[in-house]
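Below: the structure, in structure tokens.
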Amino acid sequence: MAKKKSKKSSKKKSQKKQKKQQKEEKNELLEVDKELYEIQITDLNGKLKRLNEQCADLQAENVAIKETLAQLDEDRADVIAYLKQILKSKVDEIADLLDKVNALQQTREQENVEFLDKFGNKENQLQKMKEQLTTEINLLNGKLNVLDEFRAQREDLMKQFQIQEEAQKHQEVRHQETLHNIEKGFILKKLYLKKEVEERLIKLSEDFQTMMQSKIDSTTKTAIIENSALRNEMNKIMETCKELIRENTDLKSSDRLLKIKHTSLKEELDESIRKYNRQKQALQASMLENEQLKITISKLDSDSHLKKIQDLNKKLDICKINLKKQITINEELENKVNCWQARENDLNKKLSETTIRLENIEKVIQNAATVIKNAVLLIQTTYRTRSQTIPHQLRHLAADSSLILVIPAATLTATSNNFRQSASCIYRKHSKKLRSIVCQHVVPKRLWHLEATDPNDFEQKA
19 MAKKKSKKSS KKKSQKKQKK QQKEEKNELL EVDKELYEIQ ITDLNGKLKR LNEQCADLQA
79 ENVAIKETLA QLDEDRADVI AYLKQILKSK VDEIADLLDK VNALQQTREQ ENVEFLDKFG
139 NKENQLQKMK EQLTTEINLL NGKLNVLDEF RAQREDLMKQ FQIQEEAQKH QEVRHQETLH
199 NIEKGFILKK LYLKKEVEER LIKLSEDFQT MMQSKIDSTT KTAIIENSAL RNEMNKIMET
259 CKELIRENTD LKSSDRLLKI KHTSLKEELD ESIRKYNRQK QALQASMLEN EQLKITISKL
319 DSDSHLKKIQ DLNKKLDICK INLKKQITIN EELENKVNCW QARENDLNKK LSETTIRLEN
379 IEKVIQNAAT VIKNAVLLIQ TTYRTRSQTI PHQLRHLAAD SSLILVIPAA TLTATSNNFR
439 QSASCIYRKH SKKLRSIVCQ HVVPKRLWHL EATDPNDFEQ KA
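So the sequence shown is numbered by this note's numbering: it starts at 19 and just counts up by one.
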């Protein structure tokens, strides 16, 4: 029994030792595993940090790539619109060039037809010229025959003329002798007649002085009346000229203002059109972005992308608001452009009216210049006749009376050449200032029949 108990106790002890050993081994294994797990955890944490950093870098790259893609889409849209515009312009240029080619072909065909017609006409003309020249050659041959006959007759006549000259020389000798005798008697008679002529001249001078004193009074009265009438007429002409000069200056100033307004309106129109084109391009780009956003929304249907969808919806709303604003701005710009175009048309009409008025004024000036020329010519002729008939003392009286305004008083005492120069100078001064027709109510009816337009031409006719 004791042996059995000792055996059992030894077994129990051995079992306990085994259990303790197992526990110790387990504890050792657990510590090793813990160390391994801790090492693995540290490695995994490092990997996590690296992956998070890589994820952040990738997200930043993704954002940058998205921005670059958006910019590329915008640039692509701008390039496509620009290329479309270029294509349209090139198509229009091709159409214009084709039209020009067709027009040139038509003109070439017409020119060919015209040249053929001209060639036929030239051939007919050459044939006619040939016939005319043949007839003229025949006529010239006949004339040559006549000239030969004329030469023969001329030689006969020259012989007769020489015979007559010799006879004439003999007669001249005889006549000189007779003339010498006649001259002696003529000188004696001349001395006798001189005395008689002197006596008669004295009587005639006395009679002429009495007659001239009676005529001078009538001529001075007519000259003064004509001078006063001419003064009134020239005053009226100068008043009308001043009014027309004022109207012309006003029209020129209004024309300049209209031109300045026209240029400013053109510049504003160009600026508004540029703004309209820019906003149109921005609208097209926003429409493309809207379509792209719709496509992205249709793709994003899962629950994980709800936030992105909400953000995109907000962006869509903002884009819609911007689109509405741009549409209203474009409508306002279109209305402004239409208003500017209407104003430009009105200004063009006003410019055309002013140009027509200026042309009419120039015609009026030309007519007035011709009228003044004729008036100056009539004044010149009247005063030329007066300078020949009125004596020197009466011309001094007319100059002192200061009734002549158009022609200076000093010209009355000058000769006819000096008067012509002064009249032409007056015409040059006043012809530039005249700007209206002064026909029936200013110029007398007796001037209408005058045809000369220059004082020199009038003198030549006189």
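Glycine residues also receive a C-beta, built at the ideal position from the N, C-alpha and C atoms.
Counting only the Cα atoms, E167 lies some 39 Å from E141.
Here L395 is buried: its Cβ has 16 or more other Cβ atoms, across all protein chains shown, within 10 Å. T258 counts as buried, since at least 16 other C-beta atoms from the protein chains shown sit within 10 angstroms of its C-beta. Our two residues, L90 and Q103, have alpha carbons roughly 20 Å apart in a direct line. When the beta-carbon positions are compared, Q299 and A88 stay at least 9 Å from each other. Rounded to whole angstroms, the Cβ separation of E92 and A303 is 6 Å, and the two are in contact under 8 Å.
N250 and R264 have their C-alpha atoms spaced approximately 22 Å apart.
Rounded to whole angstroms, D135 and E149 show a C-alpha spacing of 21 Å.
Of the residues assessed, I255 falls on the buried side of the cut-off, its CB having 16 or more other CB atoms within 10 angstroms. In this model, E286 and A360 are separated by some 14 Å (Cα to Cα).
Using a Cβ distance threshold of 9 Å, L269 and R126 do not count as a contacting pair. Counting only residues of its own chain and dropping the five nearest sequence neighbours on each side, L116 has no CB closer than 8 Å to any other CB. Cα atoms of K381 and E371: separation of roughly 15 Å, rounded to the nearest angstrom.
Burial of L262 is indicated by the presence of at least 16 other C-beta atoms within 10 angstroms of its C-beta. Here the alpha carbons of Q171 and L165 stand approximately 10 Å from one another. Taking the CA atoms as reference points, N295 sits about 36 Å from T373.
In this structure, the straight-line span from the alpha carbon of N199 to that of H193 is close to 10 Å. E350 and K367 have their C-alpha atoms roughly 26 Å apart.
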